[in-house]
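Here's the structure, in structure tokens; my notes come after.
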């Protein structure tokens with residue numbers, strides 16, 4: 019992973035190896051959806067910037083085309099990453115992934 023790392027939070031049922039594998043699956047899925055490891059950190063930074071400017075409930079219609087692409091791209095990548103990391107259990111428990119930027 020380049021410029022970031024993934025940390026699985028609040029998933030006590032998982033052992034260290036299982037946690038590490040889930041984090042790796044999450045990261046690989048983000049990278050695949052966004053187009054490469056080198057794009058994860060910059061896209062995530064832009065996503066966070068947009069949330070800071072527009073708040074948590076971003077109105078996609080209020081964004082310009084580039085901003086909308088960032089929001090939708092990150093949201094799609096995050097959904098794919100959750101599915102890849104947790105499989106059919108992605109809606110269970112308090113499992114949460116944190117992206118830590120380097």
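Residue numbers (my numbering): 19 to 120.
Each residue gets a CB set at the ideal place from its N, CA and C atoms; glycine is no exception.
Between residue i and chain D, is the shortest Cβ-Cβ distance under 8 angstroms, so that the two count as touching?
i, result
"residue 28", "Here there is only one protein chain, and chain D is not present."
Determine the direct distance from the alpha carbon of residue j to that of residue i, and round the result to whole angstroms.
i, j, result
"residue 85", "residue 27", "28 angstroms"
"residue 101", "residue 115", "12 angstroms"
So the candidates are the options; which of them puts its Cα closest to the Cα of residue i?
i, options, result
"residue 113", "31, 119, 21 and 60", "31"
"residue 91", "66, 36 and 105", "66"
Using a Cβ-Cβ cut-off of 6 angstroms (strictly less than) and excluding sequence neighbours within five positions of residue i, which residues of its own chain qualify?
i, result
"residue 59", "21, 22 and 119"
"residue 12", "Since the first and last residues shown for the chain are 19 and 120, residue 12 lies out of range."
"residue 103", "40, 43 and 44"
"residue 78", "86"
By Cβ distance, which residues of its chain are closer than 8 angstroms to residue i, with the 5 residues on each side in sequence left out?
i, result
"residue 56", "20 and 21"
- Could you name each continuous alpha helix (DSSP H) segment of 4 residues or more that falls completely within the stretch 33-78, going from the start of the chain to the end? 34-52 and 55-72
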